[in-house]
Amino acid sequence: MGTLDRVLIVDDEPADRWLLADALGEGNFQHVEAENGFDALRRVIDDDYQAIVLDLKMPGMDGFGFLQAVEKEKPWMLKRVIVVTGGGRDSFGRVEKKVYSVIRKPFPIPDLVETVRQCIGTAA
Numbered sequence: 045m046g047t048l049d050r051v052l053i054v055d056d057e058p059a060d061r062w063l064l065a066d067a068l069g070e071g072n073f074q075h076v077e078a079e080n081g082f083d084a085l086r087r088v089i090d091d092d093y094q095a096i097v098l099d100l101k102m103p104g105m106d107g108f109g110f111l112q113a114v115e116k117e118k119p120w121m122l123k124r125v126i127v128v129t130g131g132g133r134d135s136f137g138r139v140e141k142k143v144y145s146v147i148r149k150p151f152p153i154p155d156l157v158e159t160v161r162q163c164i165g166t167a168a
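Numbering (this note's numbering), first residue to last: 45 to 168.
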């Protein structure tokens with residue numbers, strides 16, 4: 045682990061991206077940000093990431109659409125996805141088995157950083 049571990053942050057809220065980027069930076073991860081599913085998909089097609097932190101509710105291509113597209117383009121990347129959502133179980137239940145983890149908002153930032161660390165450890 046260390047600065048070579050790259051994490052893609054996918055969230056339409058600038059404040060949430062900033063918070064996640066700050067936390068991951070302190071955890072010694074490099075990060076790339078995407079503000080919607082279309083931008084994130086382009087980045088995933090062009091490059092690989094050791095983990096993806098994904099919000100589900102976004103305008104345009106939401107997290108569900110992103111996951112469907114990743115499943116077609118790079119299915120192995122699904123097990124590197126950590127979904128962060130404020131929605132109830134009915135909103136994320138259909139993707140829970142496909143991704144590495146689902147974390148409900150609000151969550152302690154150290155827990156997210158540790159989940160990213162564990163995800164990267166299993167993907168290595």
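Cβ coordinates follow ideal geometry from the N, Cα and C atoms, glycine included.
This one's a predicted model, so the numbers in the text were calculated from it and none came from an experiment.
Of the other Cβ atoms in all chains shown, fewer than 16 fall within 10 Å of the Cβ of ILE89; this residue is therefore exposed. Under the 8 Å Cβ criterion, the segment 103–116 counts as touching the segment 73–87, having at least three qualifying pairs. DSSP places GLU79 outside any beta strand (DSSP E), giving it a letter other than H or E. Here the segment 51–67 lies against the segment 150–160, with 3 or more beta-carbon pairs under 8 Å apart. Using a Cβ distance threshold of 9 Å, ARG124 and CYS163 count as a contacting pair. Assignment of ARG61 by DSSP, reduced to helix, strand and coil, places it in the helix class. Apart from the 5 residues on each side of it in sequence, LYS149 sits with its Cβ closer than 8 Å to the Cβ of VAL128, THR129 and GLY130 in its chain, given in chain order.
For ASP90, the secondary structure class from DSSP, reduced to helix, strand or coil, is helix. Pairing ILE126 with VAL76 gives a Cβ-Cβ distance that is not under 9 Å. Looking at the DSSP output, VAL125 shares a beta bridge with ILE96. Here THR166 has no same chain residue with a Cβ atom under 6 Å from its own Cβ, once five neighbours each way along the sequence are excluded. ARG50 sits away from GLU79, with the two beta carbons spaced by 9 Å or more. Beta bridge pairing from DSSP links LEU52 with VAL76 and ILE96.
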